[in-house]
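K.L.:
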Amino acid sequence: ILHSRPLHTTHQRSAPLPPLPEKGGEVRHGLIPEEFFQFLYPKTGVTGPYMLGTGLLLYLLSKEIYVINHETVAAACILSIIIYGIKKYGADVAAFADKLNEEKIAKMAAVKNEAIKDLETAIEEEKKEQWRVEGRRFLFDAKRNNIAMLLEANYRERLLMVYNEVKKRLDYQVAMQNLKRQKEQDHMIQWVEKNVIQSITPQQQKESIAKCILDLKALSKSAQAAV
Amino acid sequence: MAGRKVALKAVDWAAFAERVPAAQRAMFNALKTRSDALSARLAALPEKPPAIDWAQYKAVVAKAGMVDEFQKKFSALKVPEPVDTQTDRINAQEQEAEKSSREYVEASKARIAHYEQQLQKLRSMIPFEQMTLEDLYEAFPETKLDKEKYPYWPHKPIADL
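As they're listed, the protein sequences go chains A and B.
Residue 1 is where the first sequence starts when you use full-length UniProt numbering, and the numbers rise one by one after that.
Residue 1 is where the second sequence starts when you use full-length UniProt numbering, and the numbers rise one by one after that.
Below, the structure is given as C-alpha cells:
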C-alpha cells in the first residue's frame with residue numbers, strides 16, 4: 001500500500017495538523033523506496049531495478065570508482081552488527097518510545113476528561129439546587145398551617161374552658177343541695193330515733209321484754225319441732 | 001359558638017423532605033415534630049364542647065333564677081377568636097424568599113452557562129495527537145511558560161517542576 005503524501009503541492013496549510021500517518025513510506029530492503037520500483041516497472045518489469053543496481057555495483061567495482069580496502073571490511077562488520085541489532089530489538093525500542101508518547105497523551109486526556117466530568121457534575125448539582133429551591137412553598141405552607149392549627153386549638157380550648165367552668169359551678173350547686181338534703185334526712189332520722197327511744201318508759205320496757213321472752217319460748221317450741 | 005372549618009392546606013411532607021438539603025435536615029425535623037405536635041393537639045380537642053342540659057339543671061337546682069341567669073349569660077357570652085398576628089409576617093417572609101430565590105436561580109443559571117461554555121470548549125478541542133505546543137497553550141493557558149517573569153530555563157519556579 002503506497003501512502004503518497006502530498007509534498008507541498010498546495011499553498012494552503014490545513015490547521016490543525018493532519019494526523020501523522022501510522023506507518024512511514026514503504027521501502028524495500030530497508031533502503032530503497034517502493035516508488036522507485038513502481039516508477040521503473042512499466043519500462044523494465046519486475047527485474048529492472050535489480051538489474052540496474054547490479055550493473056551499477058559492477059561498474060563501480062570494475063572501474064575502481066569504489067576501491068576495496070580495509071575500510072570496506074570495517075564497514076561490512078559495522079553494518080552487519082547494526083543491521084542485526086535493529087532487526088532483533090528494533091520493534092521493542094519502537095514500542096517503548098510509542099508507550100512514552102502514549103503515556104503523555106493519556107495523562108493529558110485524563111486531565112481533560114476529569115475537567116469535563118467535574119463540569120458536568122457541577123451542572124447537575126446546580127440543576128438540583130434549582131429544583132430544591134422550588135420546594136420553598138412547602139415551607140411556607142407548613143408554617144401557615146401551623147399558625148392556623150395553633151389558633152384553632154386555642155379557640156377550642158377557650159370554648160372548652162368556658163363550658164367546664166359553667167358546668168363546674170352548676171354541678172357544685174347541685175352537689176351542695178344534695179348534700180344538704182342528705183344531712184337533713186340523716187339528722188331527722190337520728191332525732192326521731194332518739195325521741196322514740198326516750199319515749200319508751202321503764203314500764204313499757206319491762207312489758208315488752210316479757211312479751212319478747214314469751215314469743216321466743218313459743219318460737220323455740222315450734223323451732224324444735226321443725227328440726 | 002360553632003367551631004370554624006379549619007382551612008388547612010395539605011402539606012406533602014414526603015416531597016418536602018426530598019427537597020431538604022442535608023445541612024438543613026435538623027431544622028426540617030424540628031419543624032415537622034412541631035407540626036405533628038400541633039396537629040395532634042388539635043385532633044385531641046373536640047370541635048364543639050358538649051351542650052349543657054339546662055332543663056335538667058332547672059329541675060334540680062332549688063335556687064330560683066340561678067340557672068336562668070347562668071343560661072342567659074352563657075348564651076350571651078362570645079368567646080373571642082384568637083387574633084392572627086403572624087400570617088402577615090409569614091407572607092412577607094415568603095415574598096422575600098421569592099425574591100432571593102429568584103436571584104439565586106439567576107446566579108445559578110449564569111454559573112451553568114459558564115460551565116456549559118467551558119464544557120463546549122473542552123469537548124470541541126482537537127485531539128492531542130494533532131496539537132502543536134502553541135495549540136496546547138491556547139487550549140490550556142495555564143501551561144504556557146511565562147518567559148518574561150522567568151527569563152531563564154525552566155521558566156517557572158523550581159518548586160513547580
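In this text, a Cβ means the ideal position worked out from N, Cα and C, and glycines have one as well.
At a Cβ threshold of 9 Å, is Leu-161(B) touching chain A?
P.N.:
Position 161 of the second sequence, counted from the first residue, corresponds to residue 161(B). It does not: the Cβ of Leu-161(B) has no partner Cβ on chain A nearer than 9 Å.
K.L.:
Counting contacts by CB-CB distance shorter than 9 Å, is Lys-43(A) in contact with chain B?
P.N.:
Translated into the one-based positions of the first sequence, residue 43(A) becomes position 43. No - not a single Cβ of chain B is within 9 Å of the one on Lys-43(A).
K.L.:
With respect to the alpha helix (DSSP H) encompassing Trp-191(A), which residues constitute its N-terminal and C-terminal limits?
P.N.:
Locating residue 191(A) in the first sequence gives position 191, counting from the first residue. Taken as a continuous stretch (DSSP letters only), the alpha helix (DSSP H) holding Trp-191(A) covers 136-199.
K.L.:
Select from Pro-49(B), Lys-109(B), Tyr-104(B), Gln-118(B) the residue whose C-alpha is nearest the C-alpha of Leu-166(A).
P.N.:
Start at 1 with the first residue of the first sequence, and residue 166(A) comes out as number 166. It should be pointed out that residue 166(A) corresponds to Val in this sequence rather than to Leu. Nearest C-alpha to Val-166(A): Pro-49(B).
K.L.:
Going by Cα to Cα distance, which pick from Thr-132(B), Val-11(B), Ala-113(B) is closest to Ala-122(A)?
P.N.:
Taking the first sequence and counting its residues from 1, one reaches residue 122(A) at position 122. That would be Ala-113(B), whose Cα lies nearest to the Cα of Ala-122(A).
K.L.:
Kindly list, in the order they appear in chain A, the residues whose Cβ is closer than 9 Å to that of Asp-84(B).
P.N.:
For the purposes of this step, residue 84(B) is taken as residue 84 along the second sequence, with counting starting at 1. Per Cβ cutoff of 9 Å: Ile-147, Ala-148, Leu-151.
K.L.:
So what does Arg-28(A) bridge to, in DSSP terms?
P.N.:
The residue given as residue 28(A) occupies position 28 in the first sequence. Bridge partners of Arg-28(A): Ile-32(A).
K.L.:
Since Ala-107(B) contacts Arg-136(A) with CB under 8 Å, what's their CB separation in whole angstroms?
P.N.:
Numbered from 1 along the second sequence, position 107 holds the residue referred to as residue 107(B). Numbered from 1 along the first sequence, position 136 holds the residue referred to as residue 136(A). In fact, because the Cβ distance is near 16 Å, the residues do not count as touching under 8 Å.
K.L.:
Based on Cα-Cα distance, which residue from Gly-24(A), Asn-146(A), Gln-38(A) lies nearest to Asp-84(B)?
P.N.:
For the purposes of this step, residue 84(B) is taken as the residue at position 84 of the second sequence. Closest by alpha carbon: Asn-146(A).
K.L.:
Arg-25(B) CB to nearest chain A CB: under 9 Å?
P.N.:
Residue numbering aside, residue 25(B) sits at position 25 when the second sequence is read from its first letter. Not one chain A Cβ lies under 9 Å of Arg-25(B).
K.L.:
In this structure, does DSSP put Phe-128(B) in helix, strand or coil?
P.N.:
In the second sequence, residue 128(B) corresponds to position 128, counting from 1. Phe-128(B) falls in the helix class under three-state DSSP.
K.L.:
Under 9 Å, Cβ to Cβ, is there at least one residue of chain A near Asp-68(B)?
P.N.:
Numbered from its first residue, the second sequence carries residue 68(B) at position 68. It does not; no Cβ of chain A falls within 9 Å.
K.L.:
Thinking just about the alpha-carbon of each residue, which of Arg-102(B), Ala-159(B), Glu-142(B) is nearest to the one in Glu-134(A)?
P.N.:
As a working note, residue 134(A) is residue 134 in the first sequence. For Glu-134(A), the nearest C-alpha among the options comes from Arg-102(B).
K.L.:
Select from Asn-69(A), Pro-33(A), Lys-180(A), Met-161(A) the residue whose C-alpha is nearest the C-alpha of Glu-47(B).
P.N.:
Here residue 47(B) refers to the residue found at position 47 of the second sequence. Of the listed residues, the one whose Cα sits closest to Glu-47(B) is Met-161(A).
K.L.:
Roughly how many angstroms lie between the CA atoms of Ile-213(A) and Asp-53(B), to the nearest whole one?
P.N.:
In the first sequence, the residue the question calls residue 213(A) occupies position 213. In the second sequence, the residue the question calls residue 53(B) occupies position 53. About 59 Å.
K.L.:
Around the C-beta of Leu-20(A), are 16 or more other C-beta atoms found within 10 angstroms, so that it is buried, or is it exposed?
P.N.:
If you number the first sequence from 1, residue 20(A) lands on position 20. So Leu-20(A) ends up on the exposed side.
K.L.:
Using the three-state DSSP reduction, which class does Asp-12(B) fall into: helix, strand or coil?
P.N.:
Numbered from its first residue, the second sequence carries residue 12(B) at position 12. It is coil, neither helix nor strand.
K.L.:
Does Met-108(A) have its Cβ less than 9 Å from a Cβ in chain B?
P.N.:
Taking the first sequence and counting its residues from 1, one reaches residue 108(A) at position 108. Cβ-Cβ to chain B under 9 Å: yes for Met-108(A).
K.L.:
Note down, in chain order, every chain D residue with its Cβ under 9 Å from the Cβ of Gly-135(A).
P.N.:
The structure shown contains no chain D; the protein chains it does contain are A and B.
K.L.:
Taking all protein chains shown into account, do 16 or more other C-beta atoms lie within 10 angstroms of the C-beta of Arg-89(B), making it buried, or fewer, making it exposed?
P.N.:
As a working mapping, residue 89(B) is identified with position 89 in the second sequence. Exposed, since its Cβ has fewer than 16 Cβ neighbours within 10 Å.
K.L.:
Quick one: grab the DSSP three-state call for Asp-84(B).
P.N.:
In the second sequence, the residue the question calls residue 84(B) occupies position 84. Looking at Asp-84(B) - three-state DSSP - the assignment turns out to be coil, as it is neither helix nor strand.
K.L.:
Would you please verify whether the beta carbon of Phe-138(A) is less than 9 Å from any beta carbon of chain B?
P.N.:
Mapped onto the first sequence, residue 138(A) falls at position 138. Yes, contact with chain B.
K.L.:
From what residue to what residue does the alpha helix (DSSP H) around Ile-158(B) run?
P.N.:
Along the second sequence, one-based indexing puts residue 158(B) at 158. Segment: none, Ile-158(B) is in no alpha helix (DSSP H) and carries neither H nor E.
K.L.:
Residues of chain A with CB under 7 Å from Ile-112(B), in chain order?
P.N.:
Taking the second sequence and counting its residues from 1, one reaches residue 112(B) at position 112. Chain A residues near Ile-112(B): Ile-123, Glu-126.
K.L.:
Specify whether the region 181-189 of chain A and the region 65-85 of chain B touch according to this definition: at least 3 beta carbon pairs, one from each stretch, less than 8 Å apart.
P.N.:
Contact fails: fewer than three Cβ-Cβ distances are below 8 Å.
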